[in-house]
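Here is the structure we will look at.
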Amino acid sequence: MDLKGKKALFIVASRGFRDEELIEPKSILESYGAKCIIANETGRESVGMLGKVVDASMTLDKVDVNDYDAIIFVGGSGSTVYFTNEKAISIVKQAKIKGKVVAAICLATGLLAKAGIVKDKTVTGWSPEAEELLVDAGGKYTGESVEVSGRMVTGYGPKSAKEFGEKIARLLTKGNAEED
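This is the structure in structure tokens:
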């Protein structure tokens with residue numbers, strides 16, 4: 004797959020993102036030539052649940068959805084910080100309207116529910132909280148490893164991080180939606 008010229012934005016919590024849910028998809032996209040940027044709520048370093056430290060190059064306030072082909076929310080216990088963050092919700096809504104790939108994994112899938120973009124979409128995610136949010140927002144929850152619904156990708160958790168990254172790459176390469 005050739006993703007040269009494609010840009011992906013990974014949004015992580017400053018504390019408590021799930022390390023492999025960032026590392027694996029980011030490595031996959033970069034291996035295909037995509038440029039990957041990391042953002043968080045502080046614009047400074049983020050520390051993962053397993054100790055990985057990454058630098059965020061911007062805050063959410065500086066995000067322009069038009070600059071990216073994919074917006075990816077990384078899970079982990081800290082991802083709930085975005086459930087009530089108006090800028091995060093706005094980014095999700097704008098990305099959907101503009102036809103960008105919108106992806107979330109693990110607990111971060113709850114943000115897609117909070118943004119109101121999962122109605123009648125096949126979705127997955129980790130934790131009873133995420134499942135409840137997805138179902139209450141009208142999503143068709145499966146509990147599977149990864150689901151692709153239109154230009155939205157949802158992943159169950161850390162063990163699905165590689166497949167999650169591959170599905171995002173495939174959507175970016177195809178430039179069109181997979182069917183439910």
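Under this note's numbering, the first residue of the sequence shown is numbered 4, with each subsequent residue one higher.
Note that the Cβ used here is the ideal one computed from N, Cα and C, for glycine as well.
A quick note: this is a predicted structure, and the numbers were derived from the prediction, not measured.
Original post:
What do you reckon, are the CB atoms on lysine 7 and aspartate 72 nearer than 7 Å?
Top reply: Looking up residue 7 in the sequence shown gives position 4. Looking up residue 72 in the sequence shown gives position 69. A distance of 7 Å or more separates the beta carbons of lysine 7 and aspartate 72.
**OP:** Would you mind listing the beta strand (DSSP E) stretches within the region 11-80 that are 3+ residues and don't spill past its ends, in chain order?
**Re:** Runs of beta strand (DSSP E) with 3 or more residues, each lying fully within the region 11-80, are found at 18-20, 38-43, 48-51, 56-58 and 73-76, listed in chain order.
Subject >> Residue from Lys29, Phe13 and Leu12 with nearest C-alpha to glutamate 166 >> reply: Position 163 of the sequence shown, counted from the first residue, corresponds to residue 166. Considering only alpha carbons, the answer is Lys29.
**OP:** Label threonine 87 either buried or exposed according to how many other C-beta atoms from any shown protein chain fall within 10 Å of its C-beta, with 16 as the threshold for buried.
**Re:** Counting from one through the sequence shown, the residue named residue 87 turns up at place 84. Result: exposed.
Original post:
Between which two residues does the beta strand (DSSP E) harbouring threonine 157 extend?
Top reply: Position 154 of the sequence shown, counted from the start, is the residue given in the question as residue 157. 155-158 is the span of the beta strand (DSSP E), which, as asked, contains threonine 157.
**OP:** Look at the alpha carbon of serine 148 and the alpha carbon of isoleucine 40, and state the distance between them as a whole number of angstroms.
**Re:** Reading the sequence shown from its first residue, position 145 is the one you call residue 148. Reading the sequence shown from its first residue, position 37 is the one you call residue 40. The alpha-carbon atoms of serine 148 and isoleucine 40 are separated by roughly 25 Å.
Subject >> Reduced DSSP category for threonine 83 - H, G, I as helix; E, B as strand; rest coil >> reply: Here the question's residue 83 lines up with position 80 in the sequence shown. Here threonine 83 sits in helix by DSSP.
Original post:
Is the beta carbon of isoleucine 92 sitting closer than 7 Å to the one on valine 66?
Top reply: Looking up residue 92 in the sequence shown gives position 89. Looking up residue 66 in the sequence shown gives position 63. Result no, Cβ atoms of isoleucine 92 and valine 66 do not sit closer than 7 Å.
Subject >> CB of serine 80 within 7 Å of CB of serine 49, strictly >> reply: Translated into positions along the sequence shown, residue 80 becomes position 77. Translated into positions along the sequence shown, residue 49 becomes position 46. Taking 7 Å as the cut-off, the Cβ atoms of serine 80 and serine 49 do not count as close.
Original post:
Just the Cα atoms here: how many angstroms apart are serine 152 and leucine 63?
Top reply: Translated into positions along the sequence shown, residue 152 becomes position 149. Translated into positions along the sequence shown, residue 63 becomes position 60. Roughly 25 Å between the two C-alpha positions.
**OP:** Answer yes or no: do threonine 127 and tyrosine 159 have a C-beta to C-beta separation smaller than 7 Å?
**Re:** Working through the sequence shown from its first residue, we reach residue 127 at position 124. Working through the sequence shown from its first residue, we reach residue 159 at position 156. Between threonine 127 and tyrosine 159, the C-beta gap is smaller than 7 Å, which places the two residues in contact.
**OP:** Determine contact between the region 136-147 and the region 112-120, defined as no fewer than three beta-carbon pairs at a distance below 8 Å.
**Re:** Contact between the region 136-147 and the region 112-120 is present, because at least three Cβ pairs lie under 8 Å.
**OP:** Classify serine 148 as helix, strand or coil using the three-state DSSP reduction.
**Re:** Numbered from 1 along the sequence shown, position 145 holds the residue referred to as residue 148. In the structure shown, serine 148 sits in coil (DSSP, three-state: anything other than H, G, I, E or B).
Subject >> Among Lys101, Pro131, Ser130 and Glu150, nearest to valine 121 - alpha-carbon criterion >> reply: The sequence position of residue 121 within the sequence shown is 118, counting from 1. Answer by Cα proximity: Glu150.
Original post:
On the premise that tyrosine 35 lies in contact with aspartate 5, defined as a C-beta separation below 8 Å, what is that separation, rounded to the nearest angstrom?
Top reply: Working through the sequence shown from its first residue, we reach residue 5 at position 2. Working through the sequence shown from its first residue, we reach residue 35 at position 32. At roughly 7 Å, the Cβ-Cβ gap stays under 8 Å, so aspartate 5 and tyrosine 35 are in contact.
**OP:** Measure the C-alpha to C-alpha separation of isoleucine 26 and valine 68 and round it to an integer number of angstroms.
**Re:** Within the sequence shown, the letter at position 23 stands for residue 26. Within the sequence shown, the letter at position 65 stands for residue 68. Taking the straight line from one Cα to the other gives about 22 Å.
Original post:
Would glutamate 13 pass as a contact of glycine 51 if the rule is Cβ separation under 7 Å?
Top reply: Here residue 13 refers to the residue found at position 10 when the sequence shown is read from its first residue. Here residue 51 refers to the residue found at position 48 when the sequence shown is read from its first residue. As written in the sequence, residue 13 is phenylalanine, which differs from the glutamate given in the question. Result no, Cβ atoms of phenylalanine 13 and glycine 51 do not sit closer than 7 Å.
**OP:** Please classify proline 161: is it buried, with 16 or more other beta-carbons within 10 angstroms of its beta-carbon, or exposed?
**Re:** As a first step, residue 161 is located in the sequence shown; it is residue number 158 there, counting from the start. Proline 161 should be labelled buried.
Original post:
In this structure, what does DSSP give as the bridge partners for valine 126?
Top reply: Here the question's residue 126 lines up with position 123 in the sequence shown. Beta-bridge pairing by DSSP links valine 126 to Tyr144.
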